[in-house]
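Chemist: In full-length UniProt numbering, the protein residues as written are 1 to 106.
In this text, a Cβ means the ideal position worked out from N, Cα and C, and glycines have one as well.
Sharing a structure below in structure tokens format, with a few things to ask.
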């Protein structure tokens with residue numbers, strides 16, 4: 001199960017209200033792969049396919065492709081604000097990676 005923290009849910013609900021589309025789901029997708037492992041992205045989506053897996057956490061509907069769900073079955077989506085700015089942070093403890101994956105670290 002993917003957890004949407006209270007802070008992230010609050011921010012997401014505000015954004016959904018601004019869009020005036022209460023049926024929007026938050027899509028999790030693979031944005032790329034780097035030395036640190038798989039990088040995930042988030043986007044609102046109101047079009048779901050038969051290949052999608054849906055779940056709900058903290059009042060937010062989440063959707064992702066089945067192949068992502070296999071590698072991202074646990075984790076969290078948080079909203080952080082610090083001296084570097086603010087934004088959503090996706091944590092996936094089962095994401096692999098580490099230096100040496102692409103050979104660019106040496």
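For the beta strand (DSSP E) holding residue 61, just list the boundary residues, first then last.
Modeler: As a working note, residue 61 is residue 61 in the chain shown. Residue 61 -> beta strand (DSSP E) spans 60–65.
Chemist: Which runs of the alpha helix (DSSP H), 4 residues or longer, sit entirely within the UniProt domain "Core" (2–100)?
Modeler: 6–19 and 66–71
Chemist: For residue 25, I'd like the list of residues in its chain whose CB is within less than 6 Å of its CB, leaving aside the five on either flank, ordered along the chain.
Modeler: Indexing the chain shown from 1 puts residue 25 at position 25. If we look at residue 25 and ignore the five residues flanking it on each side, its Cβ neighbours are 45, 61 and 63.
Chemist: What's the C-alpha gap between residue 17 and residue 90?
Modeler: Stepping through the chain shown from its first residue, residue 17 is reached at position 17. Stepping through the chain shown from its first residue, residue 90 is reached at position 90. Cα-Cα distance, rounded: 22 Å.
Chemist: Considering only the alpha carbon of each residue, which of 86, 73 and 28 lies closest to residue 41?
Modeler: The residue you call residue 41 lines up with position 41 of the chain shown. Closest option to residue 41, Cα to Cα, is 28.
Chemist: Once you ignore the five residues that flank residue 72 on each side, which residues in its own chain have a CB closer than 6 Å to its CB?
Modeler: For this step, residue 72 is matched to residue 72 along the chain shown. Contacts found: 92.
Chemist: If we count the other Cβ atoms within 10 Å of its Cβ and call it buried at 16 or more, is residue 35 buried or exposed?
Modeler: Mapped onto the chain shown, residue 35 falls at position 35. Exposed.
Chemist: From residue 55 to residue 66, what distance separates their C-alpha atoms?
Modeler: Numbered from its first residue, the chain shown carries residue 55 at position 55. Numbered from its first residue, the chain shown carries residue 66 at position 66. Near 12 Å, if we compare the C-alpha coordinates of residue 66 and residue 55.
Chemist: On a CA-only basis, which of 22, 77 and 85 is nearest residue 5? Give me that one, please.
Modeler: Indexing the chain shown from 1 puts residue 5 at position 5. Comparing Cα-Cα distances from residue 5 to each of 22, 77 and 85, the minimum goes to 77.
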